[in-house]
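One structure is given below, encoded as structure tokens.
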Amino acid sequence: ISSREFTRIIFDFLEALGVRERIGSWIEEAARAGDYATVDEHRQFYDKLLNIFDELVEVFGGQEMVCADWLAIINSAFSQLTLAFIPPTLDQVLVGSIERSRHPDLKAVFLIGATQKQFPVPVSFDSILSDAEREACESADFALAATAGQKLAERQYLAYIAFTRPSEFLCVTYPSVDEKGSAVARSQFIAELESLFENLVEESIAGEQIDIEKVHNKSELTDLLCGQLGGDSLSDPWLVTCGSVGVSREGLGELLNDICADEELAEVGSKVVSAINYDNRAQLDKRIVKKFFGEQIRSSATRLSTFAACPYQYFARYILKLEEREEFKFEPL
Numbered sequence: 001i002s003s004r005e006f007t008r009i010i011f012d013f014l015e016a017l018g019v020r021e022r023i024g025s026w027i028e029e030a031a032r033a034g035d036y037a038t039v040d041e042h043r044q045f046y047d048k049l050l051n052i053f054d055e056l057v058e059v060f061g062g063q064e065m066v067c068a069d070w071l072a073i074i075n076s077a078f079s080q081l082t083l084a085f086i087p088p089t090l091d092q093v094l095v096g097s098i099e100r101s102r103h104p105d106l107k108a109v110f111l112i113g114a115t116q117k118q119f120p121v122p123v124s125f126d127s128i129l130s131d132a133e134r135e136a137c138e139s140a141d142f143a144l145a146a147t148a149g150q151k152l153a154e155r156q157y158l159a160y161i162a163f164t165r166p167s168e169f170l171c172v173t174y175p176s177v178d179e180k181g182s183a184v185a186r187s188q189f190i191a192e193l194e195s196l197f198e199n200l201v202e203e204s205i206a207g208e209q210i211d212i213e214k215v216h217n218k219s220e221l222t223d224l225l226c227g228q229l230g231g232d233s234l235s236d237p238w239l240v241t242c243g244s245v246g247v248s249r250e251g252l253g254e255l256l257n258d259i260c261a262d263e264e265l266a267e268v269g270s271k272v273v274s275a276i277n278y279d280n281r282a283q284l285d286k287r288i289v290k291k292f293f294g295e296q297i298r299s300s301a302t303r304l305s306t307f308a309a310c311p312y313q314y315f316a317r318y319i320l321k322l323e324e325r326e327e328f329k330f331e332p333l
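In full-length UniProt numbering, the protein residues as written are 1 to 333.
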């Protein structure tokens, strides 16, 4: 059948069910109760329902398909249907980027990840066209990307926007190390802030106490117990508190036993137990060990430091003798 016939059949079915009248009655009831958010919700849904079928007819016209294909298209349209709601209060949280052209009035800003490489935006340099060539193209009315100097100036402007938008509170955070454990340089703009304002206080959340009473869900509880009870945990067990009272590792172990015995939390307990008892250390045959090391192990400070940092890296480099693959490519002289 065609899209027009399919739409007509669907609307005849909806009319037979009295859907339009039912939605209208819901709107009237919500309006009498003063629930204008629900009124707007029902109105938006019905308007978008009509728009979907109008677009179906407009796009596909007289094209004919089987009902299963039309239903698949309608299901896809409904899965992407969104409704816009006005927040019940003026207080709200916005997650965005400082590259946005417009910013609302903000009371507080949490600036996350202010590192030297990432804040406010990485500057990439074009290896094909020089800045002089770009300026020549610009003078000839050719629109190209900004030059390196323009990008650096834009960095300063974006940093100014980020720091001056909040009216009451500004919090700037940055990691001290990356995912590999290497030190990370903080953004130069943080030092400029410190030079402008003498009363700024830098705080570190490393070693911060964890109040177990503030654990809100099963996932947080699982992470807490795995982190504190794991065999390779280096954290201080007294960093976990219950209110103002410190909790020892033995106390956390007793808590885990109670969780395993609880019917509702038994699944959490089993996950924690399997995680903290997990051991994937491989056992090498003695003949293989003797073949690699011989009767006497000869090592060096470099090798021992590599093993201390990552045993697997030591195994791959010094035992398996793995090396990076050579890549043949063109490079500038």
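Even for Gly, the Cβ is constructed at its ideal location relative to N, Cα and C.
Remember, predicted model here, so these are calculated numbers, not experimental data.
Length-filtered (4 minimum) alpha helix (DSSP H) runs lying within the UniProt domain "PD-(D/E)XK endonuclease-like" (299-329)
301-309 and 311-314
Taking the Cβ atom as the reference point for each residue, do T306 and V268 lie within a distance shorter than 7 angstroms?
no
Between E154 and S97, what straight-line distance do the alpha-carbon atoms span, to the nearest angstrom?
14 angstroms
So for A183, helix, strand or coil by DSSP?
strand
In the structure shown, what three-state DSSP assignment does K107 receive?
strand
Whole angstroms are fine: how far does the CA of E194 sit from the CA of S176?
17 angstroms
Which term fits T302, buried or exposed, when burial requires 16 or more other beta carbons within 10 angstroms of its beta carbon?
exposed
Just mark R134 as buried or exposed, buried being the case when its beta carbon has 16 or more other beta carbons within 10 Å.
buried
Validate contact between the segment 26-41 and the segment 74-82 using beta carbons, cut 8 angstroms, 3 pairs:
no
Report the three-state DSSP secondary structure of E263 (helix, strand or coil).
coil
How should I228 be labelled, buried or exposed, when 16 other C-beta atoms within 10 angstroms of its C-beta is the threshold for buried?
It should be pointed out that residue 228 corresponds to Gln in this sequence rather than to Ile. So Q228 ends up on the buried side.
If you drop the 5 nearest sequence neighbours on each side, which residues of the same chain put their C-beta closer than 7 angstroms to that of L83?
E41, Q44 and F45
Beta-carbon spacing of R165, V109 below 7 angstroms:
yes
Who are the near neighbours of I23 in its chain, counting only those whose CB is closer than 8 angstroms to its CB and skipping five residues on each side?
H42, F45 and Y46
Measuring alpha carbon to alpha carbon, tell me which residue in G18, Q116, I288 and C67 is nearest Q188.
Q116
Proximal residues to I190 (C-beta, below 8 angstroms), its chain only, five neighbours per side dropped
A114, V172 and Y174
Secondary structure of V93, DSSP reduced to three states:
coil
Whole-angstrom Cβ separation of S274 and C260, contact assumed at under 8 angstroms?
At roughly 11 angstroms, the Cβ-Cβ gap does not stay under 8 angstroms, so S274 and C260 are not in contact.
Buried versus exposed, by CB contacts within 10 Å (16 or more), V289
exposed
Between A309 and E263, what straight-line distance do the alpha-carbon atoms span, to the nearest angstrom?
41 angstroms
Can you tell which of N257, P120, L170 and S139 has its C-alpha closest to the C-alpha of R186?
P120
If you follow the alpha helix (DSSP H) that V169 is in, where does it begin and where does it stop?
It should be pointed out that residue 169 corresponds to Phe in this sequence rather than to Val. Segment P166 to V172 is the beta strand (DSSP E) holding F169; no alpha helix (DSSP H) there.
Those residues which DSSP pairs with T82 across a bridge:
BP columns for T82 are empty, so no partner.
Buried versus exposed call for V59 [16 or more other C-beta atoms within 10 Å across all chains shown]:
exposed
If contacts are defined as beta-carbon pairs under 8 angstroms, then I10 and C67 qualify, I think. What distance do you get, rounded to the angstrom?
The pair is not a contact, with the Cβ atoms about 10 angstroms apart (cut-off 8 angstroms).
Report the option in G62, D69 and T7 whose CA atom is closest to the CA atom of L49.
T7
Please state the DSSP three-state secondary structure of V201.
coil
Tell me, to the nearest whole angstrom, how far the beta carbon of L256 is from that of L225; I am working on the premise that it is less than 8 angstroms.
6 angstroms
Have a look at E254, E295, F315 and P104 and flag the residue whose alpha-carbon is nearest the alpha-carbon of A282.
F315
In the DSSP assignment, find the alpha helix (DSSP H) that holds Q116 and state where it starts and stops.
Segment: none, Q116 is in no alpha helix (DSSP H) and carries neither H nor E.
Taking C-beta to C-beta, are R4 and V57 nearer than 7 angstroms?
yes
Apart from the five residues on each side of it in sequence, which residues of its chain come closer than 6 angstroms, Cβ to Cβ, to I27?
V39 and H42
Can you tell me which of Y312, I319 and R298 puts its alpha carbon nearest to the alpha carbon of F292?
I319
Quick one: measure Cβ to Cβ for K107 and E198, integer angstroms, because I've assumed they're closer than 8 angstroms.
At roughly 24 angstroms, the Cβ-Cβ gap does not stay under 8 angstroms, so K107 and E198 are not in contact.
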